[in-house]
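A short worksheet on the structure shown next.
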Amino acid sequence: MSFSARSFAFFAALTLASAAACGGESDSGGGGSGGDAAGPGSTSAGAGAAGGGVRGSGATSGSATSGSATSGSVTSGSVTSGTGSAATGTGGGDTTTSTSTGSTGSDACSIFCSDFEGGSLPSEVQFFPEYLRASAADYVKLDSTAHSGASSVKVSGTGFSQMLGVPVPTTFWGRVYLRSDTDIQMGHNTYVAATTADGDPNNGEAIRIGEHQCQLELNRKSDDAEKLSNGGMYSCTGGVKLVANTWYCLEFYYDGPGREVRVFVDDKEVDAMHVTDWGPYDYKLFKFGFEKYHGGNKTMWYDDLALGAGRAGCGP
Ligand SMILES: [Ca+2]
C-alpha cells in the first residue's frame, strides 16, 4: 500500500475507534504483520544470539543474588523480582562491571543490566523469534556506535520481528538508551515490549512502546488499543518525536498485576502514555529491537540497558 493510500486509510479510521488505527496490521509486505502473523515455521533449534556472556552487576556492591542463567538458555525461574540487592550472577563467560551510567541504584539492576561492552551479547539475552535464531547475526550484533564505552547493540530492522528478550518478573522498571537511523515514522512499529508469552511475536499479550503517526506510542497487541503521545490525535502534530541519529533515554514501568504502564523520555514522563487499566498481566519477558508492522526498515542501536525493581534514571 502506498504512503498516500495508507495515509488515507488512517484518516478514514480517524473517525472510528482508535483501536482500529492499525487496520489489523496486515499490510506489511511479506514479513507478517502486527505480531499476529505466523512465521515461516518454527523450530526450537538454533544456537542463540548469546556468546560468552557479560553478566551485569549492580552499580553498588550490595548483597548478590545468584543469577542462574546459563549460556544457551534463559530460564525465567532464575529471575527474581529484586530485593534491593544487586544481582551479580554467575552465568556466561567473562564478567564485567555493567553500566555505571547515571544514577543507577542498587535495585535498578536487580533483574539485568548491561552496557554491552563484553565483546559479545550477554548470555541472558536471547533472539526472538526463535525460528530465526540461527540467523540472528543477520539482524543483531554489537556495534561501535555507542552511548557508553565502545559498544552497543545494533538492530537491523529489515524483517517483521527482530528482538532480543530478557526474562523479567511481572512488575519491573526499565531504562535503555536508544537511537535510530531515521526520524520517528508515521508507520506503526515497536521498539521495546513486555510480553506474557514465550517470546514468539504471535503468542500471548504484548504491551509495546514504539512509533506511530510520527510520534512515540503505547500499543497493546491483542486488540490494538493505542495511546499516542500527543494525547490521541491521529496526525503527526505534537507528541514525542525521536529524531534520527540521536541518543534518547527511554524509561518504562510495567506493573502487570497493577495494570499500569508508565513511559519516560529523557527523564520526563509521557503522561499521554500512562495507563492504569491495561491488565492484569503476568509479564514474563522484556524485548527490545525492532518489530515492523507498517512503514520502512529501520536500524536501531541500544545501550546501557537496566532492568530492575527500582528506577534507574537517565543520569548525566
Ligand atoms: Ca556501551
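Once you know that position 249 of the sequence shown is 427 in this note's numbering, the rest is easy, because the numbers rise by one and skip nothing. The beta carbon of each residue, even a glycine, is placed where N, CA and C say it ideally should be. Note that the structure is predicted; figures quoted are calculated from it, not measured.
Using a threshold of 7 Å, is the CB atom of residue i nearer than that to any non-hydrogen atom of ligand 3?
i: A324; result: Absence of ligand 3 is noted for the structure shown, with ligand 1 being the only ligands found.
In this structure, does DSSP put residue i in helix, strand or coil?
i: Y309; result: helix
i: M451; result: helix
i: G315; result: As written in the sequence, residue 315 is Ala, which differs from the Gly given in the question. Reduced to three states, the DSSP call for A315 is helix.
i: C287; result: coil
i: T360; result: coil
i: F350; result: strand
i: N475; result: coil
i: G493; result: coil
i: A328; result: coil
i: S334; result: strand
i: D293; result: coil
i: V303; result: coil
i: S339; result: strand
i: G467; result: strand
i: G486; result: strand
i: T323; result: coil
i: G202; result: In this prediction, G202 has a pLDDT of 37, which is less than 50 and means its spatial position is unreliable; what the coordinates show is noted afterwards. In this structure, G202 counts as coil in the three-state DSSP scheme.
For my contact list, residue i and residue j are in at a C-beta cut-off of 8 Å; report their separation, rounded to the angstrom.
i: A375; j: G382; result: 3 Å
i: G467; j: Q363; result: Actually they are not in contact, since the Cβ atoms of G467 and Q363 sit about 15 Å apart, beyond 8 Å.
i: Y355; j: D482; result: 5 Å
i: G352; j: F464; result: 6 Å
i: T323; j: P435; result: That belief does not hold up - the Cβ atoms of T323 and P435 are roughly 38 Å apart, past 8 Å.
i: V418; j: V448; result: 6 Å
i: P300; j: K462; result: Incorrect: roughly 18 Å between the Cβ atoms, too far for contact.
i: G335; j: T477; result: 6 Å
i: Y480; j: N367; result: About 15 Å; that fails the 8 Å criterion.
i: E395; j: S407; result: 6 Å
i: G327; j: D293; result: 6 Å
Hey, would you say the C-beta of residue i is under 7 Å away from at least one heavy atom of ligand 1?
i: G296; result: no
i: G327; result: yes
i: Q293; result: A small fix is needed here, since residue 293 is Asp in this sequence, not Gln. Answer for D293: yes, Cβ within range of ligand 1.
i: D321; result: no
i: S284; result: no
i: D378; result: no
i: S330; result: yes
i: D445; result: no
i: D482; result: yes
Should residue i be labelled buried (16 or more other beta-carbon atoms within 10 Å of its own) or exposed?
i: T454; result: exposed
i: N423; result: exposed
i: L485; result: buried
i: S358; result: buried
i: G473; result: buried
i: P458; result: exposed
i: D401; result: exposed
i: C427; result: buried
i: G377; result: buried
i: D444; result: exposed
i: T415; result: exposed
i: R398; result: buried
i: S329; result: buried
i: G296; result: buried
i: A315; result: exposed
i: K446; result: exposed
i: S313; result: exposed
i: G409; result: exposed
i: R440; result: buried
i: D460; result: exposed
i: R386; result: buried
i: R437; result: exposed
For residue i, decide whether its Cβ has a neighbour in chain B, counting only Cβ atoms nearer than 8 Å.
i: V453; result: No chain B is part of this structure, which consists of one protein chain only.
3-residue-minimum beta strand (DSSP E) runs that sit fully inside the stretch 375–460, ordered along the chain: Counting only runs of at least 3 residues, the stretch 375–460 fully encloses the following beta strand (DSSP E) elements, listed from N- to C-terminal order: 384–390, 393–398, 404–406, 426–433 and 438–443.
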